[in-house]
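Enquirer: Please read through the structure below; I'll follow up with questions.
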Amino acid sequence: MSSPIVHVSGIRKTYGRTVAVADVSFDTHEGEIFGLIGPNGAGKTTTLECVEGLRRPDSGAISVLGLDPAREKSRLQGRIGVQLQEAQLQKRIKVWEAVDLWASLYRRPLDGGRLLDQLGLAEKRNAWFMTLSGGQKQRLFIALALINDPEVVFLDELTTGLDPQARRAIWDLVRGIRERGKTVVLTTHLMEEAERLCDRVAIIDHGRIIDVDTPAGLVARHCPDRTVVLAADDPAAEAAFQAIPRVDGVSHDGGRFTIRGRGDDLVTNVIQCLSEHRIRVTDFRTVMPTLEDVFLTLTGHSIRD
Amino acid sequence: MLRGLWKLTWIEIKVFVREPLGVIGTVGMPVVAFVVLSRVFGGRPTRGVARIAADVPAFGAILIALSAVLSLITVIAIYREGGILKRLRATPLSPVTILAAHVIVKLLFTAITLGLMIAAGKRYYTLPPEVSLASFTLALLFSTLSVLAIGFVIASVVPTARFAQPVGTIVLYPMIACSGLFVPVDALPAAMQRAAQVLPLTYAVSLLKGIWQGDGWSAHVGDVAALLIVFGLCTALSSRVFRWE
Numbered sequence: 001m002s003s004p005i006v007h008v009s010g011i012r013k014t015y016g017r018t019v020a021v022a023d024v025s026f027d028t029h030e031g032e033i034f035g036l037i038g039p040n041g042a043g044k045t046t047t048l049e050c051v052e053g054l055r056r057p058d059s060g061a062i063s064v065l066g067l068d069p070a071r072e073k074s075r076l077q078g079r080i081g082v083q084l085q086e087a088q089l090q091k092r093i094k095v096w097e098a099v100d101l102w103a104s105l106y107r108r109p110l111d112g113g114r115l116l117d118q119l120g121l122a123e124k125r126n127a128w129f130m131t132l133s134g135g136q137k138q139r140l141f142i143a144l145a146l147i148n149d150p151e152v153v154f155l156d157e158l159t160t161g162l163d164p165q166a167r168r169a170i171w172d173l174v175r176g177i178r179e180r181g182k183t184v185v186l187t188t189h190l191m192e193e194a195e196r197l198c199d200r201v202a203i204i205d206h207g208r209i210i211d212v213d214t215p216a217g218l219v220a221r222h223c224p225d226r227t228v229v230l231a232a233d234d235p236a237a238e239a240a241f242q243a244i245p246r247v248d249g250v251s252h253d254g255g256r257f258t259i260r261g262r263g264d265d266l267v268t269n270v271i272q273c274l275s276e277h278r279i280r281v282t283d284f285r286t287v288m289p290t291l292e293d294v295f296l297t298l299t300g301h302s303i304r305d
Numbered sequence: 306m307l308r309g310l311w312k313l314t315w316i317e318i319k320v321f322v323r324e325p326l327g328v329i330g331t332v333g334m335p336v337v338a339f340v341v342l343s344r345v346f347g348g349r350p351t352r353g354v355a356r357i358a359a360d361v362p363a364f365g366a367i368l369i370a371l372s373a374v375l376s377l378i379t380v381i382a383i384y385r386e387g388g389i390l391k392r393l394r395a396t397p398l399s400p401v402t403i404l405a406a407h408v409i410v411k412l413l414f415t416a417i418t419l420g421l422m423i424a425a426g427k428r429y430y431t432l433p434p435e436v437s438l439a440s441f442t443l444a445l446l447f448s449t450l451s452v453l454a455i456g457f458v459i460a461s462v463v464p465t466a467r468f469a470q471p472v473g474t475i476v477l478y479p480m481i482a483c484s485g486l487f488v489p490v491d492a493l494p495a496a497m498q499r500a501a502q503v504l505p506l507t508y509a510v511s512l513l514k515g516i517w518q519g520d521g522w523s524a525h526v527g528d529v530a531a532l533l534i535v536f537g538l539c540t541a542l543s544s545r546v547f548r549w550e
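Written out as structure tokens, the structure reads:
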């Protein structure tokens, strides 16, 4: 594999007696969407701001595109795009003015008008920042992060506070960034966002990385349990279900059976059993563990705490 | 080096003008205060008030400078509180560029306010023939710049906009008392005289009064030097203590 775009090795950052980041290491590779996931206060933003060169870690090493963000900030700035958590612009700055200002700061900016068009902001180009909706503001911040045609883009809690529809629209835009061959590093406390958007995620809690993998890989390793819930009116079915290999338990409530087991073959085995025993089924669904469950398994607490 | 300065300055001018209350506060307030004072003292140059009458233009000028400083402090505090400074920090813009853009905006509006004041004051004052308007304007811009530098230091550290205004007022208004604007510095108590010597407003008042009374710049080299030193020191200090968030 080629050398990593972002290389973070053992960074630590404290504020007085508060340890914001205890020990964080990870690598991000070219062309992937990499997510730092964890609850609020886990150290995601501090980590990202160290990588962006906005903060200097107390110890540890960071390299972004082969540069040290703390010492070579000005050389790096032209090659990265940044969106900050809870940032604002001047209330009465117009959308096109912000894009125009940002474009003037870089050597080879993209066409601002076309960028606004691609992000669905063309109609809003003369609107004041304060009049934009939450989703429009975030799209403008994405435009500002992309204006210098960066090689890597950092997005911090991009969809926090947005409604589900605006969130989905933003996800499509982020996938669009990856399709242009850019690398994306983002933070989120929304497990669904991480699962749908990220190629790989690092789970971070209390300032430490707990594990790094693809979302599916994390689920397979830490939460191999699978559950099938089905409705059938055959009282003899329970014994048949219990005989399926790698089934840990079967319970039923009225005509509703819950079959718990492990491994990816469970669903296939249940279907095979149903057809062998000619059991008539009126409802069938599988319950897969999510990153949320992985987080709970790994940290012992829910991400919402 | 100051990449983006002119674009940022132009945007800040537009953003400032788009908020009518801010414009009225910064530009209108000193003009109104000046007109009121002129009506009281300016129309009747009888003995006793004659000296005050002669000082009203200098007083008006100082008001303009203070108004500019308070406005600068507030704007920077709002930008810090709202995360605007932090967002700008993640660009190639330097803090010097950001402050410089605001200083240029303030100086521009200082000149505009002075113009309005001169227009409004025509009824009360005839410009003495020995006074050069260009010199007075220059003296005012110079004084404003120096007092603004104190504003940089305050603006660099005040955490929120709510604190900015009172902190600015507490620092700036007592300076007026020591500045020799109302009472000549020689007539002040010893402690206030010592304070007056280190406060830039004293030199600004001396410069503005002098130029208005027809002095040449050569008579005020000391004032100019003092204002320059204050500007240099405060700028250096604020660049060290500047907080982005």
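Top to bottom, those sequences are chains E and B.
Quick note on this note's numbering: the first sequence kicks off at 1 and runs consecutively.
Quick note on this note's numbering: the second sequence kicks off at 306 and runs consecutively.
Each residue gets a CB set at the ideal place from its N, CA and C atoms; glycine is no exception.
#1: In chain order, what residues of the same chain lie with their CB nearer than 8 Å to the CB of E/Ile5, ignoring the 5 residues before and after it?
#2: Determine the chain B residues that contact E/Arg92 at a beta-carbon separation under 7 Å, and present them in chain order.
#3: Here's the rule I'm using: 16 or more other beta-carbon atoms within 10 Å means buried, otherwise exposed. How should B/Thr351 be labelled?
#4: How about B/Ala338 and B/Ala444: do their beta carbons lie closer than 9 Å?
#5: Does DSSP classify E/His222 as helix, strand or coil?
#6: Hey, is E/Val82's beta-carbon within less than 9 Å of any beta-carbon in chain B?
#7: Measuring CB to CB, does E/Leu266 end up less than 9 Å from E/Val247?
#8: Taking the continuous beta strand (DSSP E) assigned at E/Leu36, which residues delimit it?
#9: Grouping DSSP H, G and I as helix and E and B as strand, with all else coil, what is E/Arg285?
#10: Is B/Leu477 buried or exposed, if buried means 16 or more other CB atoms sit within 10 Å of its CB?
#11: Given that E/Leu121 touches chain B, what residues does it touch there, using C-beta distances under 9 Å?
#12: Using three-state DSSP, classify E/Gly78 as helix, strand or coil.
#13: So if I threshold CB-CB distances at 7 Å, which residues from the region 383 to 416 of chain B count as touching chain E?
#14: Does DSSP classify B/Tyr384 as helix, strand or coil?
#15: Based on the DSSP output, what are the partners of E/Arg12 in its beta bridges?
#16: Mind reading off the beta-carbon distance from B/Thr540 to B/Phe457? Whole number of angstroms is fine, and I expect it under 8 Å.
#17: Less than 9 Å between CB atoms is the rule here; does B/Leu307 satisfy it with respect to chain E?
#18: Which residues, in order along the region 67 to 80 of chain E, keep a beta-carbon less than 8 Å from a beta-carbon of chain A?
#19: Let me make sure I understand the geometry here. Which of E/Asp111, E/Asp149, E/Lys73, E/Trp171 has the alpha-carbon closest to that of E/Arg180?
#20: Determine the burial state of B/Ile534: buried for a count of at least 16 other Cβ atoms within 10 Å of its Cβ, exposed for fewer.
#21: For B/Ala531, is the classification buried or exposed, using 16 other Cβ atoms within 10 angstroms of its Cβ as the cut-off for buried?
#22: Smallest Cα separation from E/Glu80: which of B/Leu450, B/Asp491, B/Trp315, B/Ala395?
#23: What separation, rounded to the nearest whole angstrom, lies between the Cα atoms of B/Arg467 and B/Ile381?
#24: Between B/Leu307 and B/Ser399, is the Cβ-Cβ spacing less than 9 Å?
#25: Per DSSP, which one or two residues make a beta bridge with E/His252?
#26: Please list the residues of the region 41 to 61 of chain E that have a C-beta atom closer than 8 Å to any C-beta atom in chain B, keeping them in chain order.
Expert: On the basis of the data shown:
#1: Only Thr28, His29, Glu30, Val64, Leu65, Glu151, Val152, Thr183 meet the Cβ criterion.
#2: Those are Val320, Arg323, Glu324, listed as they occur along chain B.
#3: Annotation note: pLDDT 49 at B/Thr351 (below 50); position unreliable, no value reported.
#4: No.
#5: Judged by DSSP in its simplified three-state form, E/His222 adopts helix.
#6: Chain B contact via Cβ: present.
#7: Annotated as proximal: E/Leu266 and E/Val247, with beta-carbon spacing under 9 Å.
#8: If you look at E/Leu36, you'll find it in the beta strand (DSSP E) that goes 33 to 37.
#9: For E/Arg285, the three-state secondary structure derived from DSSP is strand.
#10: Counting Cβ neighbours within 10 Å, B/Leu477 comes out buried, since at least 16 surround it.
#11: Taking a Cβ-Cβ threshold of 9 Å, none of the residues of chain B is close to E/Leu121; the smallest such distance is about 17 Å.
#12: If DSSP states are grouped into helix, strand and coil, E/Gly78 belongs with coil.
#13: Flagged, chain order: Gly387, Gly388, Ile389, Lys391, Arg392, Arg394, Ala395, Thr396, Pro397, Leu398.
#14: In this structure, DSSP gives B/Tyr384 a helical state, which the three-state scheme calls helix.
#15: Partner(s): E/Ser59.
#16: Their Cβ separation, rounded to whole angstroms, is 6 Å, which keeps B/Thr540 and B/Phe457 in contact under 8 Å.
#17: With 9 Å as the cut-off, B/Leu307 does not count as an interface residue toward chain E.
#18: Within the model displayed, chain A is absent; protein chains E and B are what it includes.
#19: Answer by Cα proximity: E/Asp149.
#20: Exposed, because fewer than 16 other Cβ atoms sit within 10 Å of the Cβ of B/Ile534.
#21: Of the other Cβ atoms in all chains shown, 16 or more fall within 10 Å of the Cβ of B/Ala531; this residue is therefore buried.
#22: Note that residue 80 of chain E is Ile in the sequence shown, not Glu. The option with the nearest alpha carbon to E/Ile80 is B/Ala395.
#23: The alpha-carbon atoms of B/Arg467 and B/Ile381 are separated by roughly 12 Å.
#24: Pairing B/Leu307 with B/Ser399 gives a Cβ-Cβ distance under 9 Å.
#25: Bridge partners of E/His252 according to DSSP: E/Phe257.
#26: From the region 41 to 61 of chain E, only Glu52, Leu54 have a Cβ closer than 8 Å to chain B.
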